[in-house]
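Just below is one structure, and these are the notes that go with it.
Protein chains: 2
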Amino acid sequence: MTIRQLEYFCAVVEEGSVSAASRRLHVAQPPVSRQIALLEQELGVSLFRRGSKGMLLTEAGESLYQQGRDYISDMERLAERVRALGTGVRGTVRLGVLYSTVPYALPYLRAFRAAYPQVELYIRVGAPQDLLADLNRGDLNALFLRAGAKETIGLHERILGSDAIKLIMTRDTDPAPELDTIPIERLRSVPMCLLRSDDLWGYNQALLKDCQRSGFMPSVVCQCYDTPMAMQLVQSGFGVSFLPERIVETLPHSGIYAKSVQGVAENSYAVLAWNENGYRSASVELFTAFRP
Amino acid sequence: MTIRQLEYFCAVVEEGSVSAASRRLHVAQPPVSRQIALLEQELGVSLFRRGSKGMLLTEAGESLYQQGRDYISDMERLAERVRALGTGVRGTVRLGVLYSTVPYALPYLRAFRAAYPQVELYIRVGAPQDLLADLNRGDLNALFLRAGAKETIGLHERILGSDAIKLIMTRDTDPAPELDTIPIERLRSVPMCLLRSDDLWGYNQALLKDCQRSGFMPSVVCQCYDTPMAMQLVQSGFGVSFLPERIVETLPHSGIYAKSVQGVAENSYAVLAWNENGYRSASVELFTAFRP
DNA sequence: ATCACCTATACTTTAATTATATAGAGAATA
DNA sequence: TATTCTCTATATAATTAAAGTATAGGTGAT
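Keeping their order, the protein sequence lines are chains G and U.
Per the numbering used here, the first sequence runs over residues 6 to 297.
Per the numbering used here, the second sequence runs over residues 6 to 297.
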């Protein structure tokens with residue numbers, strides 16, 4: 006039994022005659038007769054009662070028609086689903102997001118979702134080392150990261166935006182409430198909660214060096230390993246932190262804000278990173294090539 | 006997309022390589038490569054990641070395989086169902102049963118059901134004229150009847166058994182409780198409930214003629230048009246009736262029994278009747294050809 | 001009885017599929 | 001590094017399946 010035989014058969018049923026079906030199918034009449042005969046032979050069943058007034062279904066033919074119609078359209082739907090996966094409009098993309106890139110990741114994801122609502126997005130927030138390991142293992146397809154990680158050699162990166170690194174504080178811990186920019190000497194006695202990320206980025210070192218140049222070492226009351234914790238500490242009044250400025254957007258209306266430190270102009274790039282070696286599904290291709 | 010392409014594709018997936026699949030399919034390797042390529046071309050999708058270590062599925066290929074396996078076995082199941090209808094082991098047979106043939110119909114139906122449990126039996130009990138009309142209209146496929154109806158010309162009949170026509174009575178209405186066979190004179194003053202079936206069978210007439218020969222006419226207190234009603238009347242003590250003897254089996258343990266009338270040897274045949282002209286489904290063929 | 005219409009078969013032509021032979025790519029081994 | 005092995009892809013020939021053409025046979029209508 007072939008799909009073509011089923012299609013011919015259904016056409017004959019719907020038109021009520023082989024001749025009419027052959028016209029609809031744009032083929033001659035004998036091939037239709039022949040395929041029907043082959044089908045009957047294979048099934049060992051008469052599908053039609055032949056009469057001069059056309060072809061009437063037998064019981065077996067009735068059953069074949071009812072099931073066959075669905076069967077044919079099932080194939081078309083099946084093909085359509087596979088096609089959709091091929092063009093990437095359907096599928097799954099597995100993403101890792103570094104907390105500090107959330108302000109860049111979210112608009113990107115929103116725009117992508119609007120463009121390709123059929124693509125499922127799996128999103129994991131974590132530390133850069135873990136995310137990179139999962140990317141290389143193939144568990145993740147792309148990462149929202151900060152530029153400059155050692156392990157990102159061999160990865161493709163696309164810059165999504167840049168942040169000035171600024172001092173993050175609350176009104177209570179602001180070392181210079183009366184000024185928009187904080188002179189570096191004001192940091193002398195300010196407790197600091199710095200992000201320690203195995204030196205993924207050097208801007209904490211740069212800040213400390215600047216302080217040293219000014220003749221003091223700030224008191225680092227806490228070194229934490231993830232941005233959300235640093236933010237929590239800042240919000241709770243433990244001290245100030247030194248982070249990409251847009252991070253404050255992840256906790257809006259929470260009394261946290263950012264100010265530049267005079268003479269310190271460190272900068273950080275938020276990037277989308279992925280591995281172009283190895284197999285990449287159509288939806289992943291689509292995701293990394295996407296421009297919001 | 007053809008079934009063959011799907012089968013080749015699934016074989017490649019299961020064997021992990023085109024070469025191995027071609028061996029399993031008993032064809033050369035190039036045709037398999039080619040059909041896969043055609044499938045990919047039609048779907049506009051890469052289904053495999055080609056590597057020297059074999060063929061690995063892409064996301065689209067994964068989806069096609071999961072759905073394709075089911076799709077292929079669906080076709081096999083579909084064909085099997087149609088085949089079953091063709092051989093008659095599945096399907097529907099619509100039957101008409103004359104009440105007085107119930108003792109013959111029931112064992113037949115029980116045996117057929119045991120042999121072909123997949124065949125649905127639709128059973129209607131009714132008057133012979135109605136049943137014959139429905140048979141000719143095609144609403145019924147076969148009838149359990151009494152032989153000798155005028156309208157059965159052109160029908161095939163098969164005799165299922167014969168009944169002596171006997172007097173049906175209860176202990177209270179028995180005209181000769183002391184005898185096993187009733188002398189015809191005893192019917193002189195006995196009220197009778199006779200079945201009037203538009204003279205479908207002549208045995209009532211035969212009985213009345215015999216009475217007339219004996220010099221009397223029995224009192225026919227009721228002429229009813231269906232056997233169950235006649236039976237009800239007999240059971241209620243309205244009178245006796247004159248029916249095929251095995252009819253008493255349809256109301257066992259009800260106090261009804263049959264006795265011969267001396268000198269009256271009418272006989273009736275229970276038959277299975279059907280029309281061999283026109284379309285007859287495989288299960289109907291099976292039913293009429295069946296021997297318990 | 002002839003005509004019109006429909007299906008089935010015989011035969012030819014065309015298209016699709018398969019088989020054979022072979023090239024090219026990547027991993028394994030010496 | 002060169003060699004060998006294995007696997008896939010392509011070119012071309014052979015085969016097989018499908019479609020087209022012509023026509024016979026059957027049934028109902030004019």
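In this text, a Cβ means the ideal position worked out from N, Cα and C, and glycines have one as well.
Open item on the list: Between G:Phe247, G:Gly91, G:Thr186 and G:Ser224, which has its C-alpha nearest Glu3 (chain U)'s C-alpha?
Closed with: Residue 3 (chain U) is absent from the model: chain U starts at 6 and stops at 297.
- [ ] Show which residues of chain G have a CB atom less than 8 Å away from the CB atom of Ile91 (chain U).
- [x] In the second sequence, residue 91 (chain U) corresponds to position 86, counting from 1. Note that residue 91 (chain U) is Gly in the sequence shown here, rather than Ile. Residues of chain G passing the Cβ test: Leu48, Gly49, Val50, Ser51 and Ala65.
Open item on the list: Using only CA atoms, which one of G:Arg82, G:Lys171 and G:Ala33 lies nearest to Pro188 (chain G)?
Closed with: Residue numbering aside, residue 188 (chain G) sits at position 183 when the first sequence is read from its first letter. It is G:Lys171 whose Cα lies nearest to the Cα of Pro188 (chain G).
Task: Residues that Ile8 (chain G) contacts on chain U, provided the C-beta gap is smaller than 7 Å - done: Locating residue 8 (chain G) in the first sequence gives position 3, counting from the first residue. Residues of chain U passing the Cβ test: Thr7 and Ile8.
TODO: Along the beta strand (DSSP E) that carries Gly96 (chain U), what are the first and last residues, could you check?
DONE: Taking the first residue of the second sequence as position 1, residue 96 (chain U) is located at position 91. Unbroken beta strand (DSSP E) run through Gly96 (chain U): Gly96 to Val102.
Task: Reduced DSSP category for Glu251 (chain U) - H, G, I as helix; E, B as strand; rest coil - done: Counted from its first residue, the second sequence places residue 251 (chain U) at position 246. Residue 251 (chain U) is actually Arg in this sequence, not Glu. Helix, per DSSP.
Task: DSSP bridge partner residues for Asn272 (chain U) (one or two, in chain order) - done: Locating residue 272 (chain U) in the second sequence gives position 267, counting from the first residue. Answer is U:Ala169.
TODO: Return the first residue and the last residue of the beta strand (DSSP E) that Tyr262 (chain U) is part of.
DONE: Residue mapping note: residue 262 (chain U) aligns to position 257 of the second sequence, counting from 1. Per DSSP, the continuous beta strand (DSSP E) segment holding Tyr262 (chain U) begins and ends at Ile261 to Val266.
Task: Ala169 (chain U) to Val266 (chain U) span [Cα, whole Å] - done: Along the second sequence, one-based indexing puts residue 169 (chain U) at 164. Along the second sequence, one-based indexing puts residue 266 (chain U) at 261. Straight through space, the alpha carbons of Val266 (chain U) and Ala169 (chain U) are spaced by roughly 10 Å.
Task: N-terminal and C-terminal residue of the beta strand (DSSP E) that Glu125 (chain U) is part of - done: Reading the second sequence from its first residue, position 120 is the one you call residue 125 (chain U). Run containing Glu125 (chain U): Val124 to Val130, per the beta strand (DSSP E) assignment.
Task: Minimum length 3: unbroken beta strand (DSSP E) runs contained in the stretch 24 to 77 of chain G - done: Within the stretch 24 to 77 of chain G, the complete beta strand (DSSP E) runs of at least 3 residues are 53 to 56 and 59 to 62.
Open item on the list: Along the chain, where does the beta strand (DSSP E) containing Pro196 (chain G) start, and where does it finish?
Closed with: In the first sequence, residue 196 (chain G) corresponds to position 191, counting from 1. Start and end: Pro196 to Leu200.
Open item on the list: DSSP has Leu238 (chain G) in a bridge; who is on the other side?
Closed with: Within the first sequence, numbered from 1, the residue matching residue 238 (chain G) stands at position 233. According to the DSSP secondary-structure assignment, Leu238 (chain G) is paired through a beta bridge with no residue.
TODO: Measure from the alpha carbon of Val102 (chain G) to the alpha carbon of each residue in G:Asp135, G:Arg191, G:Leu184 and G:Gly73, then state which is nearest.
DONE: In the first sequence, the residue the question calls residue 102 (chain G) occupies position 97. Proximity to Val102 (chain G) across G:Asp135, G:Arg191, G:Leu184 and G:Gly73 peaks at G:Asp135, based on C-alpha coordinates.
- [ ] For the alpha helix (DSSP H) containing Phe221 (chain U), list its first residue and its last residue.
- [x] By one-based count along the second sequence, residue 221 (chain U) stands at place 216. No alpha helix (DSSP H) contains Phe221 (chain U), which DSSP labels as neither H nor E.
Task: Residue nearest to Leu140 (chain U) in terms of C-alpha spacing, selected from U:Val98, U:Ser105 and U:Phe117 - done: Within the second sequence, the letter at position 135 stands for residue 140 (chain U). Considering only alpha carbons, the answer is U:Val98.
- [ ] With 8 Å as the C-beta to C-beta threshold (strictly closer), list the residues of the stretch 83 to 110 of chain U near chain G in chain order.
- [x] For the stretch 83 to 110 of chain U, which is checked against every Cβ of chain G, the residues closer than 8 Å are Leu83, Ala84, Arg86, Val87, Arg88, Leu90, Gly91, Thr92, Gly96 and Thr97.
TODO: Mind reading off the beta-carbon distance from Tyr105 (chain G) to Tyr208 (chain G)? Whole number of angstroms is fine, and I expect it under 8 Å.
DONE: Counting from one through the first sequence, the residue named residue 105 (chain G) turns up at place 100. Counting from one through the first sequence, the residue named residue 208 (chain G) turns up at place 203. For the sequence presented, residue 105 (chain G) should be read as Ser rather than Tyr. Ser105 (chain G) to Tyr208 (chain G), Cβ: 12 Å. No contact.
Open item on the list: Buried or exposed, going by whether 16 or more other CB atoms sit within 10 Å of the CB of Ala120 (chain U)?
Closed with: Counted from its first residue, the second sequence places residue 120 (chain U) at position 115. With fewer than 16 other CB atoms across the displayed protein chains lying within 10 angstroms of its CB, Ala120 (chain U) is exposed.
Open item on the list: Please list the terminal residues of the continuous alpha helix (DSSP H) segment that includes Arg9 (chain U).
Closed with: Here residue 9 (chain U) refers to the residue found at position 4 when the second sequence is read from its first residue. In this chain, the alpha helix (DSSP H) harbouring Arg9 (chain U) covers Ile8 to Glu20.
TODO: Could you tell me if Pro112 (chain G) is buried or exposed, where buried requires 16 or more neighbouring beta carbons within 10 angstroms of its beta carbon?
DONE: In the first sequence, counting from the first residue as 1, residue 112 (chain G) sits at position 107. The residue is exposed, with fewer than 16 neighbouring Cβ atoms inside 10 Å.
Open item on the list: Can you list, in chain order, the residues of its chain with a C-beta nearer than 8 Å to that of Leu145 (chain U)? Leave out the 5 residues immediately preceding and following it.
Closed with: The residue labelled residue 145 (chain U) in the question sits at position 140 within the second sequence. The beta carbon of Leu145 (chain U) lies closer than 8 Å to those of Arg99, Leu100, Gly101, Arg129, Leu136 and Asp139 in the same chain, with the five residues before and after it left out.
TODO: Give the interface partners of Ser286 (chain G) over in chain U, defined as CB-CB distance under 9 Å, in chain order.
DONE: Taking the first residue of the first sequence as 1, we reach residue 286 (chain G) at position 281. Simply Thr63, Glu64 and Ala65.
TODO: Could you tell me whether the Cβ of Ser224 (chain G) comes closer than 9 Å to any Cβ of chain U?
DONE: Translated into the one-based positions of the first sequence, residue 224 (chain G) becomes position 219. Ser224 (chain G) does not count as touching chain U.
- [ ] Please determine, among G:Tyr76, G:Leu248, G:Val87 and G:Arg142, the residue with the shortest C-alpha to C-alpha distance to Gln123 (chain G).
- [x] The count along the first sequence starts at 1 and reaches residue 123 (chain G) at position 118. Considering only alpha carbons, the answer is G:Val87.
- [ ] Tell me whether the beta-carbon of Glu183 (chain G) lies closer than 9 Å to the beta-carbon of Phe221 (chain G).
- [x] By 1-based counting over the first sequence, the position of residue 183 (chain G) is 178. By 1-based counting over the first sequence, the position of residue 221 (chain G) is 216. Contact: no.
Task: Ser60 (chain U) at chain G interface by Cβ criterion, 9 Å - done: Position 55 of the second sequence, counted from the first residue, corresponds to residue 60 (chain U). The question names Ser, yet the displayed sequence has Met at residue 60 (chain U). For Met60 (chain U), the nearest beta carbon of chain G is not closer than 9 Å to its own beta carbon.
TODO: Give a yes or no on whether the minimum CB-CB distance between Arg296 (chain G) and chain U is below 9 Å.
DONE: For this step, residue 296 (chain G) is matched to residue 291 along the first sequence. No, Arg296 (chain G) lies away from the interface with chain U (no Cβ there is under 9 Å from its Cβ).
Open item on the list: Is the beta carbon of Val37 (chain U) closer than 9 Å to that of Val5 (chain U)?
Closed with: Nothing in the structure corresponds to residue 5 (chain U), since chain U is present only between 6 and 297.
Open item on the list: What does the alpha-carbon distance come out to for the pair Ile8 (chain U) and Phe14 (chain U)?
Closed with: Reading the second sequence from its first residue, position 3 is the one you call residue 8 (chain U). Reading the second sequence from its first residue, position 9 is the one you call residue 14 (chain U). Ile8 (chain U) and Phe14 (chain U): Cα-Cα distance of roughly 10 Å.
Task: Residues near Tyr76 (chain U) in its chain [Cβ-Cβ closer than 8 Å; skip 5 each side] - done: Position 71 of the second sequence, counted from the first residue, corresponds to residue 76 (chain U). Here the set comprises Leu11.
Open item on the list: Run through the DSSP bridge pairs and tell me what Ser288 (chain G) is partnered with.
Closed with: Counting from 1 along the first sequence, the entry for residue 288 (chain G) is found at position 283. Ser288 (chain G) has no beta-bridge partner at all, per DSSP.
Open item on the list: What residue range does the alpha helix (DSSP H) around Arg118 (chain G) cover?
Closed with: For the purposes of this step, residue 118 (chain G) is taken as the residue at position 113 of the first sequence. The continuous alpha helix (DSSP H) containing Arg118 (chain G) extends over residues Val107 to Ala120.
Task: Chain-ordered chain G contacts of Ser68 (chain U) [CB-CB under 8 Å] - done: If you number the second sequence from 1, residue 68 (chain U) lands on position 63. For Ser68 (chain U), the C-beta contacts it makes with chain G under 8 Å involve Arg86, Val87 and Leu90, in order along the chain.
Task: Supposed contact pair His161 (chain U) and Ala278 (chain U) - C-beta distance, whole angstroms, cut 8 Å - done: Indexing the second sequence from 1 puts residue 278 (chain U) at position 273. Indexing the second sequence from 1 puts residue 161 (chain U) at position 156. Confirmed, Cβ separation roughly 7 Å.
Task: Neighbour list for Arg54 (chain U) in chain G, Cβ cutoff strictly below 7 Å - done: Here residue 54 (chain U) refers to the residue found at position 49 when the second sequence is read from its first residue. Ordered by position in chain G, the residues that pass the 7 Å Cβ test against Arg54 (chain U) are Tyr284.
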